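**Student:** Under the numbering used here, the first residue of the sequence shown is numbered 84, with each subsequent residue one higher.
Yeah, the Cβ is synthetic: ideal placement off N, Cα and C, and Gly gets one too.
All values derive from a computational prediction rather than experimental measurement.
I'd like to ask some things about the structure below.
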Amino acid sequence: MMYNSPWLGSPGRSRNMIKIALAYFALMSMLVRGQPPGAPPAKPDSDAVKVLIAKAKKIGGTEWSEETHFFCEAPRPNSPTDPPIEPTKIFDNVYVIGNQGTVVYVIQTSAGLLMIDALAANQVDTQLLPGFQKLGLDPANVKIILVGHGHADHFGGAPHMQEHYGSKVYISAADWNMMENPPPGGKKGPPAVLPKHDQVVTEGEPVVLGDLKVMPVAIPGHTPGSMGYIFPVKDNDKTRMAAIYAGTILTPGPISDAGLQTYLKSVAHFKEETKKAKVDVELQNHPLMDPIQSKLDRLKSRQPGQPNPFVVGQANYQKFLEVMSTCTEVNIERRK
Ligand SMILES: [Zn+2]
Ligand SMILES: [Zn+2]
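Dropping the structure here:
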């Protein structure tokens, strides 16, 4: 295809273009591995790594093949250009708003709305509030915002909600601390506007709003205070148990060795807690490893009696976490 391309004019020009293309692919393959440009190129996978990838693929099967490929072979970060999704009611009491890379969940309770995450500050007017309007929900009813972890793509929209609607923001103590005392040499650019310090969310202390009880689980790794949340949802009046691992490491590159080890323990801990709670619904705040758009499409054309695409079953939910954990072992092994 490249040979017929109109921009390959003179031979000299085409050599340059090929050089540029090669440099581009080298850069992209480094970015895919989560390495910053300028880092040494990734070495080829060792046999030990290949064995672990094969193990992950076996666990994941066809149900989680995209997830296995994403975590073990082709991770990528969320991007401001991820296309918006159509705001959708996915359960009797749960709505999703956002884009294909990052979403928030809005849960209807008997005492108002609880929202998990808040998108980025610059997505409030373009995605968050238009989503509420499209769904016929009043953002002024958001009583609680549970933030998964203290990065601005999750809490950025929270100050607006606090200021205009009095929503209370809940974040773990460790991540409040990380946000309020950012480590030196962190992200470049102007600092994110922080929500004012409302509430601390802690494992073992359920967050209750009306008839909804959310169980927080501490899952440090991506950040010191990343949290997972377990809560009941209703699908055509049938109660299901949903979980969101709200501190997923998308690209392992920037995470320290110790961070990856902590993460591995956290996935194991979340696996235990979700098994105890009989979780059978899989939700993500960065649904990149398990694309959300196809689920929303299936939901749209769902006929009576057909399953809800977000309900994966208890055994499959556990497999989802096993793939996450095995691919983390892959990333640890790759550093040896
Ligand atoms: Zn993050
Ligand atoms: Zn994020």
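1) Helix, strand or coil for residue 394? Go by DSSP, reduced to three states.
2) With respect to 7 Å, is the separation between the Cβ of residue 236 and the closest non-hydrogen atom of ligand 2 below this value?
3) On the DSSP bridge assignment, give the partners of residue 364 in chain order.
4) Is it right to say residue 208 is buried, meaning 16 or more other beta carbons lie within 10 angstroms of its own, or is it exposed?
5) Can you find the residues in the same chain that come closer than 6 Å, C-beta to C-beta, to residue 410, ignoring five residues on each side of it along the sequence?
6) Our contact map puts residue 304 next to residue 342 with C-beta atoms below 8 Å; I'd like the distance itself, whole angstroms only.
7) Which whole-angstrom value describes the C-beta separation of residue 276 and residue 253, a residue pair presumed to lie in contact below a C-beta threshold of 8 Å?
8) For the beta strand (DSSP E) containing residue 353, name the first residue and the last one.
9) Compare the C-alpha of residue 190 against each of 300, 217, 151, 228 and name the closest.
10) Contact between the segment 184-199 and the segment 310-329 is defined here as three or more beta-carbon pairs at a separation below 8 Å; is this criterion met?
11) I need the boundaries of the alpha helix (DSSP H) containing residue 151, first residue and last residue.
12) Alpha carbon to alpha carbon, what distance is there between residue 367 and residue 160?
13) Residue 394 and residue 403 - do their beta-carbons sit closer together than 8 Å?
14) Under 8 Å: do the segment 379-389 and the segment 351-361 share three or more Cβ pairs, one atom per stretch?
15) Could you work out which residue in 325, 418, 225 is closest to residue 66 when comparing CA atoms only?
16) How close, in whole Å, do the beta carbons of residue 142 and residue 355 come, if the pair is a contact with beta carbons under 8 Å?
17) Following a CB-centred definition, is residue 305 positioned closer than 7 Å to any heavy atom of ligand 1?
18) Quick check: residue 414 and residue 335, are their CB atoms within less than 8 Å of each other?
19) For residue 420, is the beta carbon positioned less than 7 Å from some heavy atom of ligand 1?
20) Could you check where the alpha helix (DSSP H) with residue 215 kicks off and where it finishes?
21) Considering Cα atoms alone, identify which of 206, 177, 261, 250 is closest to residue 223.
22) When you compare each of 397, 374, 372 to residue 323 by their alpha carbons, which one comes out closest?
23) Would residue 175 pass as a contact of residue 399 if the rule is Cβ separation under 8 Å?
24) What does a CB cutoff of less than 7 Å around residue 376 pick up in its chain, not counting 5 residues either side in sequence?
25) According to DSSP, is residue 222 helix, strand or coil?
**Tutor:** The relevant details are as follows:
1) Position 311 of the sequence shown, counting from 1, holds the residue named residue 394. Three-state DSSP puts residue 394 in a strand.
2) One-based indexing of the sequence shown puts residue 236 at position 153. Result yes, Cβ under 7 Å from ligand 2.
3) The count along the sequence shown starts at 1 and reaches residue 364 at position 281. 325, 394.
4) Translated into the one-based positions of the sequence shown, residue 208 becomes position 125. Result: exposed.
5) Here residue 410 is taken as the residue at index 327 of the sequence shown, counted from 1. Excluding sequence neighbours, residue 410 sits near 139, 154, 155.
6) Numbered from its first residue, the sequence shown carries residue 304 at position 221. Numbered from its first residue, the sequence shown carries residue 342 at position 259. Right, their Cβ atoms sit about 6 Å apart.
7) Numbered from 1 along the sequence shown, position 193 holds the residue referred to as residue 276. Numbered from 1 along the sequence shown, position 170 holds the residue referred to as residue 253. Rounded, the Cβ-Cβ distance is 18 Å, inconsistent with contact.
8) As a position in the sequence shown, residue 353 is number 270, starting the count at 1. From DSSP, residue 353 is part of no beta strand (DSSP E) but of the alpha helix (DSSP H) over 340-359.
9) Locating residue 190 in the sequence shown gives position 107, where the first residue counts as 1. Residue 190 has its Cα closest to that of 228, out of 300, 217, 151, 228.
10) Touching, per the Cβ criterion.
11) Numbered from 1 along the sequence shown, position 68 holds the residue referred to as residue 151. Looking at the DSSP string, the run of the alpha helix (DSSP H) that includes residue 151 is 148-151.
12) Position 77 of the sequence shown, counted from the start, is the residue given in the question as residue 160. Position 284 of the sequence shown, counted from the start, is the residue given in the question as residue 367. About 14 Å.
13) Position 320 of the sequence shown, counted from the first residue, corresponds to residue 403. Position 311 of the sequence shown, counted from the first residue, corresponds to residue 394. The answer is no: Cβ separation not under 8 Å.
14) no
15) Since the first and last residues shown for the chain are 84 and 419, residue 66 lies out of range.
16) Mapped onto the sequence shown, residue 142 falls at position 59. Mapped onto the sequence shown, residue 355 falls at position 272. Not a contact, Cβ separation roughly 17 Å.
17) Your numbering for residue 305 matches position 222 in the sequence shown. Yes, the Cβ of residue 305 comes within 7 Å of a heavy atom of ligand 1.
18) Translated into the one-based positions of the sequence shown, residue 414 becomes position 331. Translated into the one-based positions of the sequence shown, residue 335 becomes position 252. Yes; because the gap between Cβ atoms is below 8 Å, this pair is in contact.
19) Lying outside 84 to 419, the shown extent of the chain, residue 420 is not represented and no answer is given.
20) Taking the first residue of the sequence shown as position 1, residue 215 is located at position 132. Looking at the DSSP string, the run of the alpha helix (DSSP H) that includes residue 215 is 212-218.
21) On the sequence shown, residue 223 is found 140 positions in, with the first residue counted as 1. The option with the nearest alpha carbon to residue 223 is 250.
22) Here residue 323 corresponds to residue number 240 of the sequence shown, with the count starting at 1. With distances taken between Cα atoms, residue 323 lies closest to 397.
23) For the purposes of this step, residue 175 is identified with residue 92 of the sequence shown, where counting begins at 1. For the purposes of this step, residue 399 is identified with residue 316 of the sequence shown, where counting begins at 1. Not closer than 8 Å, so no.
24) Position 293 of the sequence shown, counted from the start, is the residue given in the question as residue 376. Non-local beta-carbon contacts of residue 376 in its own chain, meaning distances under 7 Å to residues more than five positions away in sequence, involve 168, 183 in chain order.
25) As a position in the sequence shown, residue 222 is number 139, starting the count at 1. Residue 222: helix per DSSP, three-state reduction.
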